[in-house]
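If you're matching them up, the sequences are chains A and B in order. Each residue of the first sequence is one higher than the one before, starting from 1 at the first, in the UniProt record's numbering. Each residue of the second sequence is one higher than the one before, starting from 1 at the first, in the UniProt record's numbering. First up is the structure itself, then whatever we jot down about it.
Number of protein chains: 2
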Amino acid sequence: MTISRSPAAPLLPELIKKFRAIVGAKYALTDPADIEPYLTEERNLFHGRSPLVLRPGSTAEVAAICELASEHRIALVPQGGNTGLVGGQTPHIGEVVVSLRRLDKIREVDTASNTMTCEAGVVLQVAQQKAAEVDRLFPLSLGAEGSCTIGGNLSTNAGGTAALAYGVAREMALGLEVVLADGRVFNVLSKLKKDNTGYNLHNLFIGAEGTLGIITAATLKLFPKPRAMETAFVGLKSPAEALKLLTIAQGEAGGTLTSFEILSEIAVDFSISHGIDVRDPLQEKHPWYVLLELSSPRDDARATLEAILTRAMEEEIIDDAVIAANLTQRAGFWKLRDEISSAQKPEGGSIKHDISVPVAAVPAFIAEADAEVIKLIPGARPVPFGHLGDGNLHYNVSQPVGADAADFLARWHDINAVVFEIVLRMGGSISAEHGIGALKRAELPDVKDKTAIELMRQVKAMLDPLGIMNPGKVL
Amino acid sequence: MTISRSPAAPLLPELIKKFRAIVGAKYALTDPADIEPYLTEERNLFHGRSPLVLRPGSTAEVAAICELASEHRIALVPQGGNTGLVGGQTPHIGEVVVSLRRLDKIREVDTASNTMTCEAGVVLQVAQQKAAEVDRLFPLSLGAEGSCTIGGNLSTNAGGTAALAYGVAREMALGLEVVLADGRVFNVLSKLKKDNTGYNLHNLFIGAEGTLGIITAATLKLFPKPRAMETAFVGLKSPAEALKLLTIAQGEAGGTLTSFEILSEIAVDFSISHGIDVRDPLQEKHPWYVLLELSSPRDDARATLEAILTRAMEEEIIDDAVIAANLTQRAGFWKLRDEISSAQKPEGGSIKHDISVPVAAVPAFIAEADAEVIKLIPGARPVPFGHLGDGNLHYNVSQPVGADAADFLARWHDINAVVFEIVLRMGGSISAEHGIGALKRAELPDVKDKTAIELMRQVKAMLDPLGIMNPGKVL
């Protein structure tokens with residue numbers, strides 16, 4: 001994908017020298033081989049270019065970088081674990097990359113207040129492990145957790161599989177430390193669950209994808225560690241039945257229902273066919289599947305799960321179900337789910353959507369989107385799966401069998417258009433958890449409330465009047 | 001309390017006529033007797049004045065009011081149930097009051113998506129009842145729930161007794177409809193739990209106390225209705241022991257621990273002495289008490305509560321405990337808690353604080369604040385109580401026995417000063433749930449991050465360049 005904007009002005013050697021002086025020679029990368037890993041991304045949709053990657057080691061260094069960049073109107077791209085899926089972390093026009101990975105201290109863990117203050121570069125998995133060490137849960141969980149960072153998670157307002165019970169990344173942050181474009185440090189790190197002293201500003205930076213400032217640290221909520229987890233894999237006839245199961249499960253399990261994933265038959269087929277060591281947990285095939293998980297501080301999760309499944313069986317909502325007998329089996333259920341994206345690769349080109357609609361609208365969305373996509377490209381194979389409990393589907397479409405992948409992928413925007421039309425008509429979002437970045441920037445003005453776009457532009461102009469913070473992303 | 005600002009310019013008759021034309025003659029109040037109820041407030045700290053109260057019946061009418069007000073630079077004060085405690089809803093200098101109470105429609109309830117879309121004037125209790133009718137819970141709960149409104153709850157980011165498990169009002173709003181100062185309607189009413197399309201703007205208006213725009217509707221989260229509630233009243237030695245009990249209760253009950261209130265002996269004494277039909281649930285006196293409640297979708301709450309209390313007994317954290325045997329007894333426990341504020345009245349003047357500190361710091365805060373307050377005014381009687389689970393205390397101070405109430409109340413700011421110094425040193429907030437309004441406006445610049453204040457001023461200038469939205473509040 002090509003990003004057509006004017007390239008950033010070349011960096012003069014004396015300016016590189018000034019930036020280098022801030023972080024130290026070792027942490028100012030100018031060698032193309034050193035820079036390369038910061039330019040590529042997972043899906044190979046984007047490849048950036050940059051004359052300079054800075055790896056600051058403190059908030060003060062980040063502030064000095066922003067101040068210098070402001071003075072000379074140098075565009076910056078903040079980057080965490082470089083796992084984003086919409087090109088938000090990529091320097092498309094030769095911007096300076098500011099990698100936050102060296103800000104990797106966990107500044108404080110407070111088990112009485114149930115908070116943890118992490119710097120932006122802390123890897124999500126490290127934060128999870130630190131919480132577990134003190135008998136707490138940091139619930140944010142997603143595919144890239146081994147390499148994505150807390151700063152990136154907050155800048156993109158990451159979702160993942162635990163959002164149903166614990167919310168998205170935004171809801172896990174009590175406070176932030178942010179370096180603004182001009183180098184001022186906005187410090188509202190706070191352990192407070194209730195604080196009504198003035199406007200809520202920190203939420204502006206969460207999900208802003210680095211276009212309003214650079215998040216350097218956050219105070220995160222911790223939760224009691226669940227003692228019991230119970231996981232079931234269920235076969236059923238339709239998304240409408242899955243929705244009925246969701247309502248029963250929420251009624252019986254309340255906040256202990258921590259995951260509720262829907263999987264289409266083709267998604268399960270792909271995962272079993274192409275995933276390594278993926279097995280079908282059920283005896284027979286079903287048109288749809290649900291993976292649901294309960295996490296409870298008490299030892300009652302098994303009884304609750306059985307009550308849910310029994311009631312759903314009696315009401316003929318589900319056709320078959322298996323409860324994981326042990327952790328290995330549980331891991332097997334999740335592997336089947338987690339391998340779906342990569343299992344699409346051997347099936348050829350895949351056009352991806354990360355959409356959400358009101359939970360009640362999911363069945364109608366799938367029916368309408370399937371029909372429209374197949375009408376547009378006969379033989380195209382929709383592979384819907386995702387977080388039904390959040391109304392969030394990864395509505396991916398695999399190419400027709402035997403078609404040319406490039407020809408199919410050339411229809412990316414055509415497919416997007418029909419899918420997004422349905423999403424918007426149903427009051428949904430064209431980016432549920434991945435963000436806008438560079439990928440969906442062109443679509444944003446068409447899908448968003450007009451006044452919202454006006455206000456976004458005002459906020460951008462207010463916080464980044466020179467336009468140096470991750471230009472060409474979001475707006 | 002006197003608010004010293006220049007009075008608003010007198011409203012010319014032709015302008016009153018124009019405003020009247022928007023809402024209809026019946027809903028444009030100019031008779032002082034009709035206006036009076038909009039000028040007084042619960043604590044009698046403030047008494048406002050206004051030439052005109054407008055009672056619009058639709059979002060379009062609110063928009064027309066704002067447009068006209070912008071055109072003529074007329075200051076507006078939005079008002080919901082008029083139950084605020086910081087003078088935020090009072091027209092101090094002759095502003096036009098915009099009462100939202102006629103916007104009282106529940107536009108939609110969606111039990112599959114677990115959302116409810118309410119207009120601003122819906123009374124909180126009505127929203128709670130509507131949720132209950134469809135077998136759901138709308139968990140926001142506070143003393144004024146019989147008369148406060150959803151719009152006011154969101155504008156002040158209300159807290160209350162259920163915030164421990166369900167969060168404050170902010171966390172219950174998925175989306176908003178807001179009329180901006182210039183009359184534009186910002187519509188991000190949304191049922192989506194995940195939506196990463198651009199900046200998070202609606203949180204700016206939540207907790208802004210009507211200074212950035214007028215909230216006219218909101219899409220709220222609903223939760224499964226708990227099947228079982230179990231409530232205990234516990235006697236123990238100190239806030240430190242209460243904190244240990246909290247950690248045990250959270251570990252055992254997780255998200256089903258829905259309330260955890262701490263009460264000092266004097267608070268309980270006042271409530272028993274002066275409250276109507278308030279009885280001591282325990283046989284003997286204790287220096288401190290905790291009221292804790294579990295709400296579970298399953299019938300396991302009793303067993304969990306017993307497990308918590310047994311463990312706390314064994315570890316010698318608590319000295320006595322009683323579990324409510326029925327709903328009447330449960331109501332009795334809560335009455336004891338809810339009567340504390342009014343039970344202070346017969347004890348003379350009371351200087352109030354609505355503060356929060358990190359949960360871990362609550363014991364140290366109480367010890368230091370008690371010592372400093374008594375040093376400042378010998379004989380003064382601190383009456384701490386509140387939401388320990390949120391680190392939020394209503395740290396009220398009753399006058400010395402036999403002192404002159406007016407003399408004591410004249411020390412309001414002196415007492416505030418010593419209490420706030422401790423709060424700030426501990427990383428706390430001088431307004432945990434009541435807001436800033438007019439009451440704490442002067443203190444705000446001293447207690448807030450300097451950059452935060454700068455950004456707040458920029459946001460205010462951006463959204464309300466003419467300064468007509470609730471002037472003299474917050475900033």
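For every residue, glycine included, the Cβ atom is placed at its ideal position computed from N, Cα and C.
Item to check | Spatial neighbours of K18/A in its chain, beta-carbon cut-off 8 angstroms, leaving aside the 5 residues before and after | outcome: Here residue 18/A is taken as the residue at index 18 of the first sequence, counted from 1. Contacts found: L68.
Item to check | Beta-carbon proximity list for P382/B, same chain, < 6 angstroms, skipping 5 on both sides | outcome: The sequence position of residue 382/B within the second sequence is 382, counting from 1. The residues are D370, V373 and V397.
Checklist entry - Between which two residues does the beta strand (DSSP E) harbouring L236/A extend? => result For the purposes of this step, residue 236/A is identified with residue 236 of the first sequence, where counting begins at 1. First-last of the beta strand (DSSP E) with L236/A: A228 to L236.
Checklist entry - Do E443/A and D354/A have their C-beta atoms closer together than 8 angstroms? => result As a position in the first sequence, residue 443/A is number 443, starting the count at 1. As a position in the first sequence, residue 354/A is number 354, starting the count at 1. In this structure, D354/A does not lie closer than 8 angstroms to E443/A by Cβ.
Item to check | Alpha-carbon to alpha-carbon, K221/B and N114/B | outcome: Here residue 114/B refers to the residue found at position 114 of the second sequence. Here residue 221/B refers to the residue found at position 221 of the second sequence. When rounded, the distance between both Cα atoms is 6 angstroms.
Next on the checklist: Please report the distance separating the alpha-carbon of F260/B from that of P297/A.
Outcome noted: Numbered from its first residue, the second sequence carries residue 260/B at position 260. Numbered from its first residue, the first sequence carries residue 297/A at position 297. The straight-line gap from Cα to Cα measures roughly 17 angstroms.
Item to check | Where D390/B falls: helix, strand or coil (DSSP) | outcome: Along the second sequence, read from residue 1 onward, the residue named residue 390/B stands at position 390. Helix.
Next on the checklist: For the beta strand (DSSP E) containing L291/A, name the first residue and the last one.
Outcome noted: The sequence position of residue 291/A within the first sequence is 291, counting from 1. Note, L291/A: beta strand (DSSP E), W288 to S296.
Checklist entry - Whose Cβ in chain B lies nearer than 7 angstroms to the Cβ of R184/A? => result Along the first sequence, one-based indexing puts residue 184/A at 184. Going along chain B in sequence order, the residues near R184/A (Cβ under 7 angstroms) are T451.
Next on the checklist: Check whether chain B comes within 8 angstroms of Y395/A, counting only Cβ atoms and requiring the distance to be less than that.
Outcome noted: Along the first sequence, read from residue 1 onward, the residue named residue 395/A stands at position 395. Chain B contact via Cβ: absent.
Item to check | Under 8 angstroms by beta carbon: chain B residues contacting M456/A | outcome: In the first sequence, residue 456/A corresponds to position 456, counting from 1. In chain order: G198, Y199 and L201.
Next on the checklist: Less than 8 angstroms between CB atoms is the rule here; does I106/A satisfy it with respect to chain B?
Outcome noted: Mapped onto the first sequence, residue 106/A falls at position 106. False, the Cβ-Cβ gap to chain B never drops below 8 angstroms.
Item to check | Contiguous alpha helix (DSSP H) assignments of at least 4 residues, all confined to the stretch 117-166 of chain A | outcome: 124-133, 150-155 and 163-166
Next on the checklist: I want to verify the contact list: residues of chain B whose CB lies under 7 angstroms from the CB of A112/A, in sequence order.
Outcome noted: For the purposes of this step, residue 112/A is taken as the residue at position 112 of the first sequence. Simply L243, T247, V359 and A360.
Checklist entry - If you measure from the beta carbon of P297/B to each beta carbon in chain A, is any gap under 8 angstroms? => result Position 297 of the second sequence, counted from the start, is the residue given in the question as residue 297/B. It does: the Cβ of P297/B has a partner Cβ on chain A nearer than 8 angstroms.
Checklist entry - Hey, quick one: how far does the alpha helix (DSSP H) through L245/A stretch, first residue to last? => result Stepping through the first sequence from its first residue, residue 245/A is reached at position 245. Run containing L245/A: P239 to A253, per the alpha helix (DSSP H) assignment.
Item to check | For L336/B, the first and last residue of its enclosing alpha helix (DSSP H) | outcome: Locating residue 336/B in the second sequence gives position 336, counting from the first residue. Start and end: L327 to D338.
Checklist entry - How should N44/B be labelled, buried or exposed, when 16 other C-beta atoms within 10 angstroms of its C-beta is the threshold for buried? => result One-based indexing of the second sequence puts residue 44/B at position 44. Counting Cβ neighbours within 10 Å, N44/B comes out exposed, since fewer than 16 surround it.
Next on the checklist: Give me the residue from G472/B, L176/B, V359/B and Q399/B with the minimum Cα distance to I266/B.
Outcome noted: Your numbering for residue 266/B matches position 266 in the second sequence. Comparing Cα-Cα distances from I266/B to each of G472/B, L176/B, V359/B and Q399/B, the minimum goes to Q399/B.
Checklist entry - Comparing alpha-carbon positions, which option in S356/B, T328/B, N392/B and L212/B lies nearest V278/B? => result Mapped onto the second sequence, residue 278/B falls at position 278. Among S356/B, T328/B, N392/B and L212/B, the Cα nearest to that of V278/B is on T328/B.
Checklist entry - Shorter than 8 angstroms from the beta carbon of A253/B to some beta carbon of chain A? => result On the second sequence, residue 253/B is found 253 positions in, with the first residue counted as 1. Yes, because at least one Cβ of chain A sits closer than 8 angstroms to the Cβ of A253/B.
Next on the checklist: Whole angstroms are fine: how far does the CA of V188/A sit from the CA of V447/B?
Outcome noted: Numbered from its first residue, the second sequence carries residue 447/B at position 447. Numbered from its first residue, the first sequence carries residue 188/A at position 188. So the two alpha carbons sit approximately 12 angstroms from each other.
Checklist entry - Which two residues bound the contiguous beta strand (DSSP E) that contains Q79/B? => result Here residue 79/B is taken as the residue at index 79 of the second sequence, counted from 1. Run containing Q79/B: L76 to Q79, per the beta strand (DSSP E) assignment.
Checklist entry - At which residues does the beta strand (DSSP E) containing N187/A begin and terminate? => result Here residue 187/A is taken as the residue at index 187 of the first sequence, counted from 1. Segment V185 to N187, the beta strand (DSSP E) holding N187/A.
Next on the checklist: Using 8 angstroms for Cβ pairs, my map puts R337/B next to L282/B. What's the rounded Cβ distance?
Outcome noted: Along the second sequence, one-based indexing puts residue 337/B at 337. Along the second sequence, one-based indexing puts residue 282/B at 282. With a Cβ gap of about 14 angstroms, R337/B and L282/B do not count as contacting.
Checklist entry - What alpha helix (DSSP H) runs, 4 residues minimum, are completely inside the stretch 403-433 of chain A? => result 405-409 and 412-425
Next on the checklist: Cβ closer than 9 angstroms: which chain A residues qualify as neighbours of H434/B?
Outcome noted: In the second sequence, residue 434/B corresponds to position 434, counting from 1. N196, listed in chain order.
Checklist entry - Per DSSP, what kind of secondary structure is T2/A in: helix, strand or coil? => result Position 2 of the first sequence, counting from 1, holds the residue named residue 2/A. At T2/A the pLDDT is 48, less than 50, meaning the model places this residue with poor confidence; the figure from the coordinates comes in the next sentence. In this structure, T2/A counts as coil in the three-state DSSP scheme.
Checklist entry - Which residue or residues does DSSP assign as beta-bridge partners of Y395/B? => result Residue mapping note: residue 395/B aligns to position 395 of the second sequence, counting from 1. P384/B, per the DSSP bridge assignment.
Checklist entry - Are the Cβ atoms of A253/B and L294/B separated by less than 8 angstroms? => result Against the second sequence, residue 253/B aligns to sequence position 253. Against the second sequence, residue 294/B aligns to sequence position 294. Yes. Within cutoff.
Checklist entry - Residues of chain B with a CB under 7 angstroms from the CB of Q250/A: which are they? => result Residue mapping note: residue 250/A aligns to position 250 of the first sequence, counting from 1. Correct list: P224.
Checklist entry - List, in order along the chain, the chain A residues whose C-beta lies closer than 8 angstroms to that of R170/B? => result Within the second sequence, the letter at position 170 stands for residue 170/B. Ordered by position in chain A, the residues that pass the 8 angstroms Cβ test against R170/B are N200.
Item to check | Opening and closing residue of the alpha helix (DSSP H) in which R311/A lies | outcome: Here residue 311/A is taken as the residue at index 311 of the first sequence, counted from 1. A301 to E314 is the span of the alpha helix (DSSP H), which, as asked, contains R311/A.
Next on the checklist: Please return the same chain residues whose Cβ sits closer than 7 angstroms to the Cβ of S264/B, not counting the five positions on each side in sequence.
Outcome noted: Taking the first residue of the second sequence as 1, we reach residue 264/B at position 264. If we look at S264/B and ignore the five residues flanking it on each side, its Cβ neighbours are W288, V383, P384 and F385.
Item to check | Partner residues on chain A for residue 527/B, Cβ-Cβ distance less than 7 angstroms | outcome: Since the first residue shown for chain B is 1 and the last is 475, residue 527/B is missing from the structure and cannot be characterised.
Checklist entry - If we call anything under 8 angstroms between Cβ atoms a contact, is A208/B one with Y199/A? => result Start at 1 with the first residue of the second sequence, and residue 208/B comes out as number 208. Start at 1 with the first residue of the first sequence, and residue 199/A comes out as number 199. Yes, the Cβ-Cβ distance between A208/B and Y199/A is below 8 angstroms.
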